[in-house]
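Here the structure is laid out as structure tokens; the discussion comes afterwards.
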Amino acid sequence: MREYAERRKTPEKLNRLYAIESTPTTTGLKAEHRLGLRASEIPAFTAELAKAVGVKGVETPAYVWTDEQKKFLAAVTKDLKAHAGKCVVIPGVYQDASVDRLALLINIALGNVGKTLASDTVPDDFLPSDQIADLKALVADLNAGKVDWLVILNANPIYDAPADLEFAAAFEKAKTVAHVGSHVDETGQISHWHIPAAHYLESWSDARAYDGTVSIIQPMIDPLYGGKTAHHVFQTLLNEPMLSPYEAVRETWKSTIKGDFETGWRKALHQAG
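Quick note: the sequence shown uses the working numbering, first residue 177, plus one each step.
Here it is in structure tokens:
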């Protein structure tokens, strides 16, 4: 905010701010150009913007945009291209995951990474797949009878999968379905097996932050009701089905922690805590 304000004081260095939002915000009110859209339209508009600036392989939904919206898109596209490497596209915190992915692809296409966007915040394997495309591929495999075992982790696709995929009908063609979740929701009710999921504060794990930093997740308590974690489920599908989440995390970190492992492990736990 301070850096933004500093640039507003010097006319010859004045930056320009575009805002696209569904609810008026302080940022939107400060912007030179603001476009109000429905929350459901923002992912589609972002896809249009990505395609316009040259991101390859972007599928744009069949929206009918107004003349005002088309002019806004053309103006943003022209400005971004004219200031490639000196601009940045920032997705909102609560936007759909597709908006985050497309914003990053736009920044990459414009050469902003390493300039206006720090390169160390972009992991090498960021969102390596299109999740909607993956879900469509799963539905196709289900309909083709190619799925013997379907394992669903902390998700409720019977309730919230896109309606046009007709996931519920495809779901019935899987030979065996195991659902891992904290609640017996719509998906859990019709699965062959429902496995009670442990809370994330009841399990060992690890994670990577948006800036690429990796850290160990320590449980606060043992599972209160015998819940199982994603680690438990995945491990049953691997060569060592009895390996606990604690042991699995330690095995992963043995290639990361240098020197004496036990000393490094205790130090990492202390710093993570």
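All residues carry an ideal CB built from backbone N, CA and C; glycine is no exception.
Within 10 angstroms of its Cβ, does residue i collect 16 or more other Cβ (buried), or is it exposed?
i	result
ALA320	exposed
PHE221	buried
ALA339	exposed
GLN365	exposed
PHE437	exposed
GLN411	buried
PRO219	buried
GLY290	exposed
ARG277	buried
VAL353	buried
LEU256	buried
ASN415	exposed
VAL356	buried
Go ahead and pull the three-state DSSP assignment for residue i.
i	result
ARG210	strand
GLU235	coil
LEU278	helix
PRO333	helix
TRP325	strand
VAL289	strand
VAL164	No statement about residue 164 is possible, as the shown extent of the chain runs from 177 to 449 and does not include it.
TRP429	helix
HIS370	strand
GLU423	helix
THR253	helix
TRP241	coil
HIS359	coil
GLY364	helix
GLU416	coil
LYS434	coil
GLN271	coil
LYS246	helix
Could you tell me which of the options sits nearest to residue i, measuring between CA atoms?
i	options	result
GLN271	ILE397, GLU197, GLU182, ALA374	GLU197
THR202	MET177, LEU190, SER216	MET177
GLN447	HIS368, THR389, ASP310, ALA346	THR389
ASP398	SER420, GLU416, LEU413	SER420
ALA223	GLY440, LEU400, VAL265	VAL265
SER391	ALA406, ILE433, TYR401	ILE433
LEU341	LEU414, TYR180, LEU213, ALA313	ALA313
GLU208	LYS232, THR186, LEU193	LEU193
GLY261	LEU278, THR236, ALA294	ALA294
ILE393	LEU256, THR405, LEU211	THR405
LEU249	ASN288, LEU211, PRO187	LEU211
VAL409	ARG442, HIS370, LYS443	HIS370
ALA195	ARG426, ALA316, GLY204	GLY204
HIS259	LEU286, VAL240, SER274	LEU286
GLY403	HIS359, GLU416, ASN415, LEU413	HIS359
TYR531	VAL353, LEU400, HIS355	Absent from the model: residue 531. The displayed extent of the chain is 177 to 449, so no value can be given.
LYS232	LEU190, VAL269, LEU281	LEU281
ARG426	THR242, TRP441, MET418, THR253	TRP441
ASP361	ILE334, GLU378, LYS351	ILE334
VAL240	GLU217, ALA226, LYS254, GLU182	GLU217
For residue i and residue j, which I take to be in contact (beta-carbon distance under 8 Å), what is that distance rounded to the nearest angstrom?
i	j	result
ASN332	THR363	5 Å
SER381	HIS407	6 Å
ASN330	ALA383	Not really, about 15 Å apart at Cβ, beyond 8 Å.
Counting only runs that start and end within the stretch 182-231, where is the beta strand (DSSP E) found for 3 or more residues in a row?
-> 194-197, 209-212
Return the chain-ordered ranges of every beta strand (DSSP E) run that is complete within the stretch 372-414 and spans a minimum of 3 residues.
-> 381-384, 390-393
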